[in-house]
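Step one of this worksheet: look at the structure below.
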Amino acid sequence: MLNAIWETEGLQTVGIVVLVFASIKLLHLLGLISFSEDSVEDELELSAVRHRPEGLEQLEAQTRFSRKELQILYRGFKNECPSGVVNEETFKDIYSQFFPQGDASTYAHFLFNAFDTDHNGSVSFEDFVMGLSILLRGTIQEKLNWAFNLYDINKDGYITKEEMLDIMKAIYDMMGKCTYPVLKEETPRQHVEVFFQKMDKNKDGVVTIDEFIDCCQNDENIMRSMHLFENVL
Amino acid sequence: MASGVAAWLPFARAAAIGWMPVANCPMPIAPRDNSKRQDELIILNVSGRRFQTWRTTLDRYPDTLLGSSEKDFFYNEESKEYFFDRDPDAFRSILNFYRTGKLHYPRHECISAYDEELTFFGIIPEIIGDCCYEEYKDRKRENLERLQDDQEENKDQKLPNMNFRETMWRAFENPHTSTMALVFYYVTGFFIAISVITNVVETVPCGSTANQKDMPCGERYTVAFFCMDTACVMIFTVEYLLRLFAAPSRYRFMRSVMSIIDVVAILPYYIGLVMTNNEDVSGAFVTLRVFRVFRIFKFSRHSQGLRILGYTLKSCASELGFLLFSLTMAIIIFATVMFYAEKGSSSSKFTSIPASFWYTIVTMTTLGYGDMVPKTIAGKIFGSICSLSGVLVIALPVPVIVSNFSRIYHQNQRADKRRAQKKARLARIRISKSSSANAFIQSKRNGLLNELLELTAKEEDEQKLAKSISLLESQHHHLLQCLEKTTAHEFVDEQVYEQNCLERALQTYASRSPSISSHDSSEGTCCGRRGKRNTPLPNASLPSSHQGPLQELSAIHIQCGDPPSRTASRSNLNLKTDNSGRINCKGGRITTAIISLPTPPALTPDGDGLHGPPQRRPPPPPISNSSTDVFTASTVKKD
Numbered sequence: 001m002l003n004a005i006w007e008t009e010g011l012q013t014v015g016i017v018v019l020v021f022a023s024i025k026l027l028h029l030l031g032l033i034s035f036s037e038d039s040v041e042d043e044l045e046l047s048a049v050r051h052r053p054e055g056l057e058q059l060e061a062q063t064r065f066s067r068k069e070l071q072i073l074y075r076g077f078k079n080e081c082p083s084g085v086v087n088e089e090t091f092k093d094i095y096s097q098f099f100p101q102g103d104a105s106t107y108a109h110f111l112f113n114a115f116d117t118d119h120n121g122s123v124s125f126e127d128f129v130m131g132l133s134i135l136l137r138g139t140i141q142e143k144l145n146w147a148f149n150l151y152d153i154n155k156d157g158y159i160t161k162e163e164m165l166d167i168m169k170a171i172y173d174m175m176g177k178c179t180y181p182v183l184k185e186e187t188p189r190q191h192v193e194v195f196f197q198k199m200d201k202n203k204d205g206v207v208t209i210d211e212f213i214d215c216c217q218n219d220e221n222i223m224r225s226m227h228l229f230e231n232v233l
Numbered sequence: 001m002a003s004g005v006a007a008w009l010p011f012a013r014a015a016a017i018g019w020m021p022v023a024n025c026p027m028p029i030a031p032r033d034n035s036k037r038q039d040e041l042i043i044l045n046v047s048g049r050r051f052q053t054w055r056t057t058l059d060r061y062p063d064t065l066l067g068s069s070e071k072d073f074f075y076n077e078e079s080k081e082y083f084f085d086r087d088p089d090a091f092r093s094i095l096n097f098y099r100t101g102k103l104h105y106p107r108h109e110c111i112s113a114y115d116e117e118l119t120f121f122g123i124i125p126e127i128i129g130d131c132c133y134e135e136y137k138d139r140k141r142e143n144l145e146r147l148q149d150d151q152e153e154n155k156d157q158k159l160p161n162m163n164f165r166e167t168m169w170r171a172f173e174n175p176h177t178s179t180m181a182l183v184f185y186y187v188t189g190f191f192i193a194i195s196v197i198t199n200v201v202e203t204v205p206c207g208s209t210a211n212q213k214d215m216p217c218g219e220r221y222t223v224a225f226f227c228m229d230t231a232c233v234m235i236f237t238v239e240y241l242l243r244l245f246a247a248p249s250r251y252r253f254m255r256s257v258m259s260i261i262d263v264v265a266i267l268p269y270y271i272g273l274v275m276t277n278n279e280d281v282s283g284a285f286v287t288l289r290v291f292r293v294f295r296i297f298k299f300s301r302h303s304q305g306l307r308i309l310g311y312t313l314k315s316c317a318s319e320l321g322f323l324l325f326s327l328t329m330a331i332i333i334f335a336t337v338m339f340y341a342e343k344g345s346s347s348s349k350f351t352s353i354p355a356s357f358w359y360t361i362v363t364m365t366t367l368g369y370g371d372m373v374p375k376t377i378a379g380k381i382f383g384s385i386c387s388l389s390g391v392l393v394i395a396l397p398v399p400v401i402v403s404n405f406s407r408i409y410h411q412n413q414r415a416d417k418r419r420a421q422k423k424a425r426l427a428r429i430r431i432s433k434s435s436s437a438n439a440f441i442q443s444k445r446n447g448l449l450n451e452l453l454e455l456t457a458k459e460e461d462e463q464k465l466a467k468s469i470s471l472l473e474s475q476h477h478h479l480l481q482c483l484e485k486t487t488a489h490e491f492v493d494e495q496v497y498e499q500n501c502l503e504r505a506l507q508t509y510a511s512r513s514p515s516i517s518s519h520d521s522s523e524g525t526c527c528g529r530r531g532k533r534n535t536p537l538p539n540a541s542l543p544s545s546h547q548g549p550l551q552e553l554s555a556i557h558i559q560c561g562d563p564p565s566r567t568a569s570r571s572n573l574n575l576k577t578d579n580s581g582r583i584n585c586k587g588g589r590i591t592t593a594i595i596s597l598p599t600p601p602a603l604t605p606d607g608d609g610l611h612g613p614p615q616r617r618p619p620p621p622p623i624s625n626s627s628t629d630v631f632t633a634s635t636v637k638k639d
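Chains as they are written, first to last, in full-length UniProt numbering: chain A, 1 to 233; chain B, 1 to 639.
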């Protein structure tokens with residue numbers, strides 16, 4: 001009696017197994033399940049973005065560089081980025097190589113946003129050269145404008161304490177760990193306080209462009225250091 | 001600094017304008033680019049083939065031949081070009097390195113020729129790019145092995161003075177060296193064979209005597225076999241002891257596989273000698289005899305092939321293990337299924353799952369003994385599935401598995417190699433990074449020299465130093481200095497940092513001296529470096545001997561005037577009074593030290609007032625002229 005029960009049970013097991021396999025095969029045929037790990041459609045590799053800059057004459061007219069200087073700049077630029085544009089990762093890489101001891105990626109991020117004037121995620125040669133033109137050959141007003149733009153992370157025309165703190169932390173990050181005197185947690189914050197004391201004339205907690213420019217023009221140190229890099233190229 | 005980004009240095013410096021409004025103190029002066037050469041094309045004539053490139057391209061790597069002034073040795077005046085009598089094909093990749101910053105290894109080149117070219121042009125091979133590095137290393141390794149093989153053939157020659165022990169060891173390892181060694185080699189081989197054959201024959205039934213059934217020979221001729229066994233074990237023991245004596249490193253020899261096999265081969269005999277009387281353990285003693293079969297492994301000293309097989313198995317162990325594991329999974333699955341399927345049948349041999357293992361293994365390997373067969377329909381169905389999958393799993397893909405194994409094995413080896421190489425390369429990259437950081441700190445010291453000498457206007461000294469660092473380096477260092485000034489912190493190297501950490505930990509327990517309080521208060525003001533600082537520069541040890549004046553200047557506080565009255569500094573480095581004749585100080589006090597002295601708190605000026613004007617000439621502190629000075633990293637004060 002028991003044997004018969006077991007025998008039918010054995011047959012039932014077989015039946016169930018066969019049914020399960022058949023249904024899986026059916027579903028696979030219908031395309032509802034896929035067995036392999038990799039997806040069917042491969043992601044199309046974004047073809048490398050290639051960008052050709054405007055002509056030499058136009059750039060010469062728009063910036064304050066001479067022809068020869070533009071040539072030198074472009075050669076260096078294209079050597080490092082053969083595709084003609086720099087994306088943020090490459091930018092961070094390049095900038096970090098100048099600061100081996102610390103972490104320059106946050107500051108490079110802010111710098112990238114400052115250079116990427118049309119906010120399309122990449123810095124082309126025109127952006128690059130425009131930025132450099134302001135920094136190296138611009139008037140004091142323009143340079144200070146650029147610096148304000150750099151500090152104003154959300155580009156709303158006001159520098160708040162939080163924005164300044166972010167920038168300050170990014171700058172201090174570039175110093176790394178091994179400094180003298182040892183970097184403390186509140187050093188950037190203190191520095192921000194000093195900055196705001198100097199710049200924020202009406203004590204409303206934000207620094208506007210006029211306060212900024214005013215204050216910088218009255219500060220001898222800053223004025224002098226603005227002229228520091230004039231002979232860079 | 002990777003000079004591939006040298007072109008971006010102007011950009012990085014321009015971007016430093018972003019720090020200016022934030023900084024509270026003045027920035028250092030930028031280095032001037034005195035060489036206003038226009039960028040010119042250089043012609044490099046390599047064995048007749050002319051290569052042309054910009055001068056700045058070559059200047060990117062100033063520590064190579066082409067980037068430094070060393071190439072002036074190869075300048076040809078008449079043709080106004082640099083002539084190198086080297087291989088132009090190899091030169092292509094070298095010049096490409098300057099252009100792109102990546103060094104590639106051309107596969108058709110001979111590895112030693114390429115290495116020579118790299119050495120000639122002063123390029124280290126480690127910077128070969130990732131794409132070509134593995135190939136390069138592989139070829140280099142093969143070359144090295146070839147050289148080693150060549151050397152090994154010479155190894156068999158007898159060295160002039162080897163003592164008896166070394167001669168014996170050499171005889172053991174290479175039997176071809178002397179006739180004695182050869183004789184010994186063959187004798188031991190013969191006895192191993194005898195011993196193995198004896199073990200085998202011992203168990204053969206030797207013909208029946210009148211009284212009993214067939215006895216194995218071992219029991220019939222006990223004495224003879226015992227003598228044979230004893231003789232073999234004697235020989236093996238003597239051989240083992242001789243090897244132990246002759247081995248250069250006895251500990252290492254005892255741990256090697258061969259010696260363990262030797263020991264295992266002869267141990268049962270001695271254990272047997274000791275234990276023959278005791279009847280209880282005679283059963284175990286019989287089992288020990290099994291180990292006598294290990295004597296056959298002693299043949300591996302005599303056979304290269306056996307050794308290779310052993311090595312292959314050892315290295316394929318992980319793949320074999322995986323194969324075994326997957327087989328075990330399949331066996332367990334099928335055994336379970338068969339057990340439950342056969343549970344119903346009456347006289348089923350499938351009494352438990354482990355009992356079904358036997359059936360599964362026999363079926364899957366297509367042996368099919370037939371001692372266990374399923375009787376139920378379900379059992380037969382699953383049994384047939386089992387044997388079919390056994391065929392598929394084992395018989396058919398064996399060649400595929402074998403080739404897969406060899407491929408996986410090689411890949412694995414390469415992955416391990418790459419991992420090891422990667423670690424070494426990362427270490428090198430880290431070193432070069434830290435070296436560039438240290439270069440900055442180093443040049444800070446030297447930089448002080450430059451400023452100092454410019455002031456004292458000693459022409460020859462200045463020229464000596466002027467070219468020691470390239471313009472690129474000086475610009476990069478200026479950039480780092482601006483960052484330091486912005487944040488009012490300085491870059492130091494690891495050792496100093498650790499020291500300072502220790503110092504601060506200790507200082508918190510010491511009583512608060514005025515210097516410490518002024519140190520803390522100076523956190524906010526950037527330029528007043530009034531902190532107590534002990535020797536930050538490990539290299540700046542007390543110059544005991546009078547070396548060149550230039551070196552000493554960087555570290556010591558030279559005073560041509562009266563020694564300062566209030567110096568509470570812990571390190572007396574600061575107080576090296578030196579002859580005024582060495583430098584034209586004319587009574588001026590020159591402090592070039594990064595070492596600073598603590599000033600009394602009364603001096604603490606507020607804000608930047610003290611240091612508003614340019615660094616070179618800070619106004620004297622409002623104390624007496626001859627006493628302690630307040631200094632920044634580079635202050636020169638002439639009284």
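Glycine included, each C-beta is placed from N, C-alpha and C at the ideal position.
Just so we're clear, the structure is a prediction, and the values are computed from it rather than from any experiment.
Where Met130 (chain A) meets chain B, residues with beta-carbon distance less than 7 Å: Contacts between Met130 (chain A) and chain B, judged by CB atoms closer than 7 Å, are missing: the closest CB pair is about 12 Å apart.
According to the Cβ coordinates, are Pro53 (chain A) and Glu162 (chain A) closer than 8 Å? Cβ distance not < 8 Å, so Pro53 (chain A) and Glu162 (chain A) don't count as in contact.
So, does the region 78–91 of chain B touch the region 41–56 of chain B, judging by three or more C-beta pairs under 8 Å? Contact between the region 78–91 of chain B and the region 41–56 of chain B is present: three or more C-beta pairs spanning the two stretches fall below 8 Å.
What first and last residue would you give for the beta strand (DSSP E) that runs through Lys293 (chain B)? Strictly speaking, residue 293 (chain B) in this sequence is Val, with Lys absent from that position. Val293 (chain B) -> no beta strand (DSSP E), and no H or E assigned at all.
Find the residues of chain A that neighbour Phe500 (chain B), judging by a C-beta separation of less than 7 Å, and give them in chain order. Here residue 500 (chain B) turns out to be Asn, not Phe, going by the sequence shown. Close partners of Asn500 (chain B) in chain A (Cβ separation under 7 Å): Tyr180 and Val182.
Burial state of Thr203 (chain B) (16 or more Cβ within 10 Å): The residue is exposed, with fewer than 16 neighbouring Cβ atoms inside 10 Å.
Compare the C-beta of Val14 (chain A) with all C-beta atoms of chain B and state if any pair is closer than 8 Å. Look at Val14 (chain A): its C-beta is under 8 Å from a C-beta on chain B.
Are the C-beta of residue 266 (chain A) and some C-beta of chain B separated by less than 8 Å? One cannot answer for residue 266 (chain A) here, as it falls past the ends of chain A, which runs 1 to 233.
If we cut at 8 Å on Cβ distances, does Gln62 (chain A) have a partner in chain B? No, its Cβ sits nowhere closer than 8 Å to a Cβ of chain B.
So Val496 (chain B) contacts chain A; which residues on that side make the cut at Cβ distance below 8 Å? Simply Cys178 and Tyr180.
Relative to chain B, which residues along the region 86–97 of chain A have a C-beta separation below 7 Å, given in chain order? Within the region 86–97 of chain A, the qualifying residues are Ile94, Tyr95 and Gln97.
Against chain A, which members of the region 470–493 of chain B pass a CB distance test of less than 7 Å? For the region 470–493 of chain B, which is checked against every Cβ of chain A, the residues closer than 7 Å are His476, Leu479, Leu483, Thr486, Thr487, His489, Glu490, Phe491, Val492 and Asp493.
Are the region 359–367 of chain B and the region 328–344 of chain B touching by the rule of at least three beta carbon pairs closer than 8 Å? Under the Cβ criterion (8 Å, minimum of three pairs), the region 359–367 of chain B counts as touching the region 328–344 of chain B.
Against chain A: residues of the region 374–396 of chain B by CB proximity under 8 Å: Considering only beta carbons, the part of the region 374–396 of chain B lying closer than 8 Å to chain A consists of Thr376, Ile377, Ala378, Gly379, Ile381 and Phe382, in chain order.
On the criterion of 16 or more Cβ atoms from any shown chain inside 10 Å, does Asp166 (chain A) qualify as buried, or is it exposed? The residue is buried, with at least 16 neighbouring Cβ atoms inside 10 Å.
So, Val492 (chain B) versus Thr187 (chain A), is the Cβ gap smaller than 8 Å? No; because the gap between Cβ atoms is not below 8 Å, this pair is not in contact.
Against Cys131 (chain B), what residues of chain A qualify as contacts under a CB-to-CB distance less than 9 Å, listed in chain order? Against Cys131 (chain B), chain A offers no close residue; the least beta-carbon distance is about 16 Å (beta-carbon pairs closer than 9 Å).
Neighbouring residues, chain B, relative to Tyr172 (chain A) (Cβ below 7 Å): The contacting residues are Thr487.
Which of the three DSSP states, helix, strand or coil, is assigned to Pro53 (chain A)? Pro53 (chain A) sits in coil when the DSSP states are folded into three classes, being neither helix nor strand.
Please compile the residues from chain A whose C-beta is within a distance smaller than 8 Å of the C-beta of Asp63 (chain B). Using a Cβ-Cβ cut-off of 8 Å, Asp63 (chain B) is close to nothing in chain A; its nearest Cβ partner there is about 17 Å away.
Comparing C-alpha positions only, which one of A:Val129, A:Lys198 and A:Ser105 sits nearest to Ala77 (chain A)? The displayed chain sequence assigns Phe, not Ala, to residue 77 (chain A). Checking every option, the nearest Cα to that of Phe77 (chain A) belongs to A:Val129.
Would the beta-carbon of Gly129 (chain B) be found less than 7 Å away from any heavy atom of the ligand NAP? Annotation note on the ligand NAP: not contained in the displayed structure, which lists no ligands.
Taking only three categories from DSSP, how would you classify Val123 (chain A)? Here Val123 (chain A) carries a strand assignment [DSSP, helix/strand/coil].
Rounded to whole angstroms, what's the CA-CA distance from Arg137 (chain A) to Leu228 (chain A)? Just pull it up for me. The straight-line gap from Cα to Cα measures roughly 11 Å.
Just checking: is the beta-carbon of Met275 (chain B) within a distance shorter than 8 Å of some beta-carbon in chain A? For Met275 (chain B), the closest Cβ of chain A is not nearer than 8 Å.
Please report the residue range of the beta strand (DSSP E) in which Asn45 (chain B) lies. Counting along the chain, the unbroken beta strand (DSSP E) around Asn45 (chain B) starts and ends at Leu41 to Val46.
Could you tell me whether any Cβ in chain B is nearer than 8 Å to the Cβ of Gln141 (chain A)? Chain B contact via Cβ: absent.
Less than 8 Å between CB atoms is the rule here; does Glu211 (chain A) satisfy it with respect to chain B? Answer no: the Cβ-Cβ gap between Glu211 (chain A) and chain B never drops below 8 Å.
Measuring only between beta-carbons, confirm whether Val206 (chain A) sits less than 8 Å from chain B. With 8 Å as the cut-off, Val206 (chain A) does not count as an interface residue toward chain B.
Could you tell me the distance, in whole angstroms, from the CA atom of Pro248 (chain B) to the CA atom of Trp169 (chain B)? So the alpha carbons of these two residues sit roughly 8 Å apart.
Hey, is Pro100 (chain A)'s beta-carbon within less than 8 Å of any beta-carbon in chain B? Interface residue, yes.
Can you check DSSP and say which residues form a bridge with Tyr158 (chain A)? Answer is A:Thr208, bridged to Tyr158 (chain A).
Contact set between residue 252 (chain A) and chain B, taken where Cβ atoms lie within less than 7 Å: Outside the displayed span of chain A (1 to 233) sits residue 252 (chain A), for which this structure offers no information.
How many Å lie between Phe196 (chain A) and Tyr158 (chain A) at the Cα? Their backbone Cα atoms lie some 12 Å apart in a straight line.
Under the rule that 16 or more other beta-carbon atoms within 10 Å means buried, what is Ala238 (chain B), buried or exposed? The residue asked about is misnamed: residue 238 (chain B) is Val in this sequence, not Ala. With fewer than 16 Cβ atoms within 10 Å of its Cβ, Val238 (chain B) is classed as exposed.
Closest to Arg146 (chain B) by CA distance: which of B:Ser178, B:Gly129, B:Glu166 and B:Ile111 is it? Closest in C-alpha terms to Arg146 (chain B), from the list B:Ser178, B:Gly129, B:Glu166 and B:Ile111, comes B:Ile111.
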